[in-house]
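Enquirer: Before I ask anything, here is the structure I am working with.
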Amino acid sequence: MHANTLARRHLFGLAATGLLAATLPGLARAETAGPTTPIQALDTALLAAMKAGRTTSFQQRYAMLEGPIDTAFDLDAVLQTSVGPRWASLSASEQNDLRGAFRRYTVANYVANFDSYNGQTFRLDASPRSLPNGDQVVTTRLVAADGSPTELGYVMRRTGAGWKAVDVLADGAISRVAVQRSDFRGLLSHGGGQALVASLQRKTADLSGGALA
C-alpha cells in the first residue's frame with residue numbers, strides 16, 4: 022500500500038541542580054517551538070522511511086518512526102477521545118494494555134503505509150489555521166511525482182510537552198478520531214477493553230507481516 026493511501030485512510034518527569042540545568046534547554050525548546058515543528062520532523066522521518074523502503078526490515082523502519090510519532094502526537098489523548106466515555110469505566114490494567122497496543126498499532130500503521138518512494142515530497146503550510154478552542158490545524162501535503170497532492174491536517178494542541186497532534190483530518194475534513202471511535206464502539210460493546218486490545222494487536226501483526234506479532 023502506498024503512502025498516499027494512508028493519507029486518505031487517515032480519514033496517529035528534578036532533584037539535582039545539574040540535571041535541572043541540563044533539562045532547561047529542552048523545556049525551553051518545547052515551550053517555544055510552534056505547532057508546525059513536530060509535523061515537519063514527522064514529515065522528514067516519513068520521507069526517510071519511504072526511501073528506506075521494504076528492502077529495510079519492518080522493525081528498522083518502526084524504530085525510525087516511533088520517536089517522531091511520539092513527539093508529534095498526544096497518543097493518550099487520541100486514544101481516550103477515540104474510546105470516549107467508556108474509558109473511565111475501564112480498569113487501570115485495561116487502560117495500560119490499550120495504551121501499549123494503540124501506540125504499536127499507530128506506529129505500525131505509518132510504517133506499513135509509508136513504505137515506498139517514487140519521487141514524492143512533503144509540503145508543509147507555514148501558517149496553521151486557528152480553531153475556536155485554541156487548537157491549530159497544521160496542513161501538510163504529500164505530493165506525488167506527477168504533482169497530485171494528498172492533504173493531511175494535524176489538529177495540534179498545546180500541552181506541557183509542547184504542541185501535540187490530537188487528531189488527523191484527511192482531505193482537510195475527515196477525522197481519524199471519529200472513524201476510530203466508530204470502530205472502537207462496537208468492539209467495546211461486545212467484548213470490553215480486552216476485545217479492543219486484541220483487535221489492535223491483530224491489526225498490528227497484519228500490518229507488520231507478523232514482524233510485530
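Okay, so the sequence shown: first residue is 22 according to this note's numbering, each after it adds one.
Note that the Cβ used here is the ideal one computed from N, Cα and C, for glycine as well.
If you're wondering where the values come from, they're calculated on a predicted model, not measured in any experiment.
#1: Is Ala131 near Leu86, with beta carbons less than 8 Å apart?
#2: Could you tell me the alpha carbon to alpha carbon distance between Ala234 and Arg125, rounded to whole angstroms?
#3: Tell whether a beta-carbon distance below 8 Å holds between Val159 and Pro170.
#4: Does the beta carbon of Ala232 fall short of 7 Å from some heavy atom of the ligand MN?
#5: Could you check what DSSP says for Ala49 in three-state terms: helix, strand or coil?
#6: Closest to Ser151 by C-alpha separation, out of Ala165, Asn134 and Gly174, would be which residue?
#7: What residue does the beta strand (DSSP E) around Phe143 start on, and which one ends it?
#8: If contacts are defined as beta-carbon pairs under 8 Å, then Phe135 and Ala70 qualify, I think. What distance do you get, rounded to the angstrom?
#9: Which one of Ile60, Gly55, Pro56 and Leu68 has the shortest CA to CA distance from Ala165?
#10: Could you tell me the distance, in whole angstroms, from the CA atom of Thr104 to the CA atom of Arg202?
#11: Taking C-beta to C-beta, are Pro89 and Ala122 nearer than 8 Å?
#12: Does the Cβ of Arg197 have 16 or more other Cβ atoms within 10 Å, making it buried, or fewer, making it exposed?
#13: Look at the alpha carbon of Leu40 and the alpha carbon of Tyr83, and state the distance between them as a whole number of angstroms.
#14: Work out the CA separation of Gly214 and Leu111 for me, nearest whole Å.
Expert: Straight from the coordinates:
#1: Counting from one through the sequence shown, the residue named residue 131 turns up at place 110. Counting from one through the sequence shown, the residue named residue 86 turns up at place 65. Per the sequence presented here, residue 131 reads as Tyr, with Ala not at that position. Cβ distance < 8 Å, so Tyr131 and Leu86 count as in contact.
#2: The residue labelled residue 234 in the question sits at position 213 within the sequence shown. The residue labelled residue 125 in the question sits at position 104 within the sequence shown. Cα to Cα, the separation comes out at about 10 Å.
#3: Here residue 159 refers to the residue found at position 138 of the sequence shown. Here residue 170 refers to the residue found at position 149 of the sequence shown. Taking 8 Å as the Cβ cut-off, Val159 and Pro170 do not qualify as a contacting pair.
#4: Ligands are entirely absent from the displayed structure, and the ligand MN is therefore not among its contents.
#5: Counting from one through the sequence shown, the residue named residue 49 turns up at place 28. Because Ala49 sits at a pLDDT of 46, beneath the cut-off of 50, its placement in the model cannot be relied upon, and the following sentence gives the value as read from the coordinates. Three-state result, Ala49: helix.
#6: As a first step, residue 151 must be located in the sequence shown, where it is residue number 130. Comparing Cα positions, the closest option is Gly174.
#7: The residue given as residue 143 occupies position 122 in the sequence shown. From DSSP, the beta strand (DSSP E) with Phe143 extends over Thr142 to Leu145.
#8: One-based indexing of the sequence shown puts residue 135 at position 114. One-based indexing of the sequence shown puts residue 70 at position 49. The Cβ separation is near 5 Å, so the contact holds.
#9: Here residue 165 is taken as the residue at index 144 of the sequence shown, counted from 1. Per the Cα distances, Leu68.
#10: As a first step, residue 104 is located in the sequence shown; it is residue number 83 there, counting from the start. As a first step, residue 202 is located in the sequence shown; it is residue number 181 there, counting from the start. According to the sequence as given, residue 104 is Val; it is not Thr. Each residue's Cα considered, the two are about 6 Å apart.
#11: One-based indexing of the sequence shown puts residue 89 at position 68. One-based indexing of the sequence shown puts residue 122 at position 101. Their beta carbons are not under 8 Å apart, which means Pro89 does not touch Ala122 by this criterion.
#12: Numbered from its first residue, the sequence shown carries residue 197 at position 176. When all chains shown are included, Arg197 counts as buried.
#13: For this step, residue 40 is matched to residue 19 along the sequence shown. For this step, residue 83 is matched to residue 62 along the sequence shown. Residue confidence is low: Leu40 scores 30 on pLDDT, short of 50, so the model does not pin down where it sits. Its coordinate-derived value is still stated next. About 30 Å.
#14: Counting from 1 along the sequence shown, the entry for residue 111 is found at position 90. Counting from 1 along the sequence shown, the entry for residue 214 is found at position 193. Roughly 7 Å between the two C-alpha positions.
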